[in-house]
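Reviewing the structure listed below.
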Amino acid sequence: MTLKDKYNQYTSGISAISIFVPEHYFQLEELAAIRGVEEEKFTVGLGCRKMSVLSPIEDPVTMAAMAGRDLLENNQISPDRIGYLVVGTESAVDESKPIAVYLHEMLGLEDNCRCFDIKNACYAGTAALRTAMAWTMSPASKGRLALVITTDVAYYDLGSPAEPTQGAGACAMLVGPDPGILNLDVTNEAVYTRETMDFWRPSYRNSAIVNGHYSLECYLEALRKTWGMYREMTGYRMSDYDYLLFHTPFPKMAWKAHNLIYKLEGGMKSIGISEEESFKLKVLPSLKAAEEMGNLYTSSIFAAITSLVEFAPLKTGNLIGMFSYGSGSSSEFISGTIGNEISRWSGSTGLSSMLENRTGISYDDYVLYRAAYEQRMKDGYFVNHEPTTSSPIVYLGIRNHKRLYAYALPGKSGVKTIGIQSSQENKLHR
Ligand code: CAA
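When we follow the numbering used here, the leftmost residue of the sequence shown carries the number -8, and every step to the right adds one.
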């Protein structure tokens, strides 16, 4: 057996996907009016329409748990089939305790499930996916599946240039050897790492610091490098791809990314269609979540996959190229082919209905929810709220430096809690 044949027997990728869309959004035209800028700067210049805003009973943990819960429930995946849970996030709620362990409890996973978080700016989700793919291809997985969950709040200072690109959301993916949605290339790694200060968030801050225009250059440099590497490894050209997906801090960035590749590949002369047509065909269907929810950091590339699955006329075997970028910086270009269960998923990811069922909030509420976001990082914050059918997992606050959650397990009656004394005592005795 040649080395190539040996590796060709391994497959891994995404067999189920779900997205969590927060209930509240703030309209960017309203923000533009309040900030005294032309609304076209936000809606055309950046391509943003709405930003998702967390309510006081949501946080990165509840968003992740809701995405994971939907994934397991909607696909009737029994928790004992999951042997590996990895969370990609740059919105950690604790410097020590991983979000994955909260999710382990809220999703009712088995004790022998490996759980951990990865931090690597927006690239953390792709890094998480890579480790999950490797595990599912290893004998240690013993037929069990991996769960990859990404969750983030993109949060900048009021009135800063990055404010219109804020957002929040989470994605969950089931990863295994039989990827009905997206079969990923497991043999090529086009990765690029370069130390740089384009965007960062010191541990003592809620909001990120951005060297805005420079960050665009860093992103495009990383794309140029990884695109070139992957092209060299695989021989794939732009015209081979049915769709190209990009990390999308704001939709216009995907336009800039496509523009770079279009030019690198020789433009109209070698590609045969205009840049506008190419963008419309290959990129536009993947931008819906970014337009409607804002920057989702680690979830950005997976929200692009979800948008594509929801809105594009995908066919089994379509070739998809994906660029993942994390400031700081780490990046990767990866490709995959659409799996044989795509017809079941098209239009059924839940994204459309979640977007439709949201509520717009006023500027006053936007500012209030921001204040709550800042407060709820501090000891003593508490909201008295019971889980409901529409919000079965809620964040209650912090007491004695412990995060408190109330949640209802799928299909079971009663409310369980995390971080509250009686629940801990129960756990010790179970
Ligand atoms: N009508 C139409 N377009 C208009 C306009 C109008 N009236 N006014 C301005 N514009 C256009 C501008 O021409 C510009 O478009 P081009 O870039 O195509 O020229 C666009 O609107 C934005 O205008 P500015 O560049 O003047 O905007 P700005 O300087 O106020 O802020 C930004 C833009 C730097 C991207 C800022 O939003 C920011 O800092 N964002 C966060 C950083 C970021 O997302 N970086 C991306 C790469 S890093 C990464 O990807 C990691 C991550 O997730 C953060």
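For every residue, glycine included, the Cβ atom is placed at its ideal position computed from N, Cα and C.
Measure the CB-CB distance between residue i and residue j and report whether it falls below 7 angstroms.
i	j	result
asparagine 174	glycine 308	no
isoleucine 325	leucine 305	no
alanine 363	proline 47	yes
histidine 238	tyrosine 316	yes
isoleucine 333	cysteine 162	no
glutamate 154	tyrosine 146	no
leucine 165	alanine 56	no
cysteine 113	tyrosine 354	no
methionine 54	threonine 141	no
valine 84	valine 44	no
isoleucine 384	methionine 97	yes
proline 442	threonine 156	Residue 442 cannot be examined here, being either before or after the span of the chain that is shown, -8 to 421.
tyrosine 386	tyrosine 398	no
asparagine 286	glycine 158	yes
glycine 160	methionine 313	no
leucine 342	glutamate 301	yes
proline 378	glutamate 64	no
valine 92	leucine 120	no
alanine 23	phenylalanine 33	yes
glutamate 29	glutamate 20	no
methionine 505	valine 12	Because the chain spans -8 through 421 in this model, residue 505 falls outside it and cannot be assessed.
tyrosine 1	methionine 128	yes
leucine 310	aspartate 231	yes
glycine 410	lysine 393	yes
Does DSSP put residue i in a helix, a strand or coil?
i	result
asparagine 174	strand
isoleucine 68	coil
arginine 196	coil
lysine 422	Residue 422 lies beyond the stretch modelled for the chain, which goes from -8 to 421, so this question has no answer here.
serine 230	helix
valine 35	helix
methionine 368	coil
arginine 390	strand
isoleucine 262	helix
tyrosine 147	coil
valine 52	helix
valine 300	helix
asparagine 111	strand
arginine 105	strand
serine 290	helix
histidine 204	helix
histidine 15	strand
glutamate 332	coil
alanine 399	coil
lysine 407	strand
glycine 341	coil
methionine 124	helix
alanine 7	strand
methionine 42	strand
leucine 63	helix
methionine 188	coil
glycine 317	strand
tyrosine 75	strand
leucine 419	Confidence in leucine 419 is poor, its pLDDT being 41 and thus under 50, which makes the residue's placement too unreliable to answer from.
isoleucine 252	helix
Pick out whichever of the options has its Cα sitting closest to the Cα of residue i.
i	options	result
valine 177	Asp85, Gly167, Arg185, Tyr146	Gly167
glutamate 14	Gly402, Arg349, Asn391, Val374	Arg349
glycine 186	Tyr210, Arg121, Glu180	The sequence as given places glutamate at residue 186; glycine does not occur at that position. If we check each option's Cα against that of glutamate 186, Tyr210 comes out closest.
histidine 204	Pro152, Asp233, Tyr234, Trp218	Pro152
lysine 273	Leu76, Glu282, Asn250	Asn250
proline 276	Asp233, Ile252, Asn286	Asp233
isoleucine 172	Ser382, Gly327, Met345	Gly327
methionine 188	Ile409, Tyr75, Val144, Asn202	Asn202
glutamate 323	Ala213, Gly257, Lys279	Ala213
asparagine 179	Val144, Thr156, Leu207, Thr217	Thr217
glutamate 268	Leu278, Phe33, Tyr253	Tyr253
lysine 247	Glu20, Gly312, Met229, Phe270	Phe270
threonine 184	Met244, Gly319, Leu62	Gly319
tyrosine 75	Gly36, Leu136, Leu120	Leu136
glycine 258	Ala115, Pro89, Ala245, Met229	Met229
threonine 117	Leu94, Ser206, Ala181	Ala181
histidine 95	Ala58, Thr122, Glu86, Met128	Ala58
At least three beta-carbon pairs within less than 8 angstroms, the segment 340 to 354 to the segment 367 to 378: Taking a cut-off of 8 angstroms on C-beta distances, the segment 340 to 354 does not touch the segment 367 to 378, as fewer than three cross pairs fall below it.
Three CB pairs or more closer than 8 angstroms across the segment 285 to 305 and the segment 262 to 270: no
Any 3 or more C-beta pairs closer than 8 angstroms across the segment 216 to 231 and the segment 186 to 202: no
At least three beta-carbon pairs within less than 8 angstroms, the segment 70 to 77 to the segment 32 to 51: no
Given 8 angstroms, three or more beta-carbon pairs between the segment 75 to 86 and the segment 107 to 121: yes
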